[in-house]
Amino acid sequence: MLRLRIPDPAARDDKYLATRERLVMMVRMHWAILLPVFLQTLGSIVLAVLVAFLLKGLDSGGFVSALPWWFALFMILRMLWKVTEWHFDHLMITDKRLLKVSGILLRKVKSVQLAKVTDLTYTRDPMGRLLGYGEFLVESAGQDQALSNIPFLPRPDNLYRTMCDMMFGGAPAPSGSDD
Numbered sequence: 001m002l003r004l005r006i007p008d009p010a011a012r013d014d015k016y017l018a019t020r021e022r023l024v025m026m027v028r029m030h031w032a033i034l035l036p037v038f039l040q041t042l043g044s045i046v047l048a049v050l051v052a053f054l055l056k057g058l059d060s061g062g063f064v065s066a067l068p069w070w071f072a073l074f075m076i077l078r079m080l081w082k083v084t085e086w087h088f089d090h091l092m093i094t095d096k097r098l099l100k101v102s103g104i105l106l107r108k109v110k111s112v113q114l115a116k117v118t119d120l121t122y123t124r125d126p127m128g129r130l131l132g133y134g135e136f137l138v139e140s141a142g143q144d145q146a147l148s149n150i151p152f153l154p155r156p157d158n159l160y161r162t163m164c165d166m167m168f169g170g171a172p173a174p175s176g177s178d179d
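The numbering of the sequence shown is the numbering used here, which starts it at 1 and goes up by one.
Right, dumping it as structure tokens:
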């Protein structure tokens, strides 16, 4: 049986860590970040079916009847790209920094030193409580913040406790990946 295995990009992202830096936790953004894209794609498919049904007898095989299907195909390909982006993006918490690694072809690493974090605000809206995600607002001593708003974090209670332990000197969580 042939199994398709997509490589996990996070397995090779220890190259972004300093020599004396230890990875504490790594998470992928919550799947709810993809809901708008899924709904938009579903809407485009429903629209294509509806237009095909309405134009059934009027324009057989013409440009007008094919246009919604091309749009639906574009939306499906866009959705596949967004899912792939989501698979490659993750947040890393180390004993010294908070890093957000993103991008497929062009990798982008944003980081903030935990020692420079002056305030960490954690919020969960009703949908976040229902689906299990939250948002962090990170304020640091520097003027230009690489990571200021981090939405759609899975298991935000656990992440918040880990961040507080790392910033305020508690016992660090065990090393490893937490997808």
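For every residue, glycine included, the Cβ atom is placed at its ideal position computed from N, Cα and C.
Because the structure is a prediction, the values reported are computed rather than measured.
Under DSSP, the beta strand (DSSP E) around Lys-108 begins and ends at which residues?
Annotation for Lys-108: the continuous beta strand (DSSP E) segment containing it runs 108-113.
Once the 5 residues before and after Thr-84 are set aside, which same chain residues still bring their CB inside 8 angstroms of it?
Within the same chain, Thr-84 has close Cβ partners Ile-104.
Using the beta-carbon count (16 or more within 10 Å), is Pro-154 buried or exposed?
It is buried - the Cβ of Pro-154 has at least 16 other Cβ atoms within 10 Å.
Looking at the structure shown, is Gly-128 part of a helix, part of a strand, or coil, going by DSSP?
Helix at Gly-128.
Cβ atoms of Leu-147 and Val-138: under 8 angstroms apart, would you say?
Contact flag set, yes.
Between which two residues does the alpha helix (DSSP H) containing His-87 stretch?
Element bounds for His-87: 63-88.
Around the Cβ of Gly-169, are there at least 16 other Cβ atoms within 10 angstroms (buried) or fewer (exposed)?
By the 10 Å Cβ count, Gly-169 comes out exposed.
Restricting to Cα atoms, I'd like to know which of Val-51, Ile-33 and Lys-108 is closest to Leu-67.
Looking at the Cα atoms, Val-51 is the closest of the given residues.
Output the boundary residues of the alpha helix (DSSP H) element that contains Met-167.
Residues 156-168.
Keeping to the same chain, check which residues put their C-beta closer than 8 angstroms to that of Trp-86; ignore five residues upstream and five downstream.
Closer than 8 angstroms at Cβ, skipping near neighbours: Arg-28, Met-29, Trp-31, Ile-33 and Leu-34.
Could you tell me whether the Cβ atoms of Ser-140 and Val-117 are closer together than 8 angstroms?
Yes. Within cutoff.
Return the chain-ordered list of same chain residues with a C-beta closer than 7 angstroms to the C-beta of Tyr-16, the five sequence neighbours on each side being excluded.
Correct list, in chain order: Leu-99, Val-101 and Val-109.
With a Cβ-Cβ cutoff of 8 angstroms, do Phe-136 and Leu-120 count as a contact?
Result yes, Cβ atoms of Phe-136 and Leu-120 sit closer than 8 angstroms.
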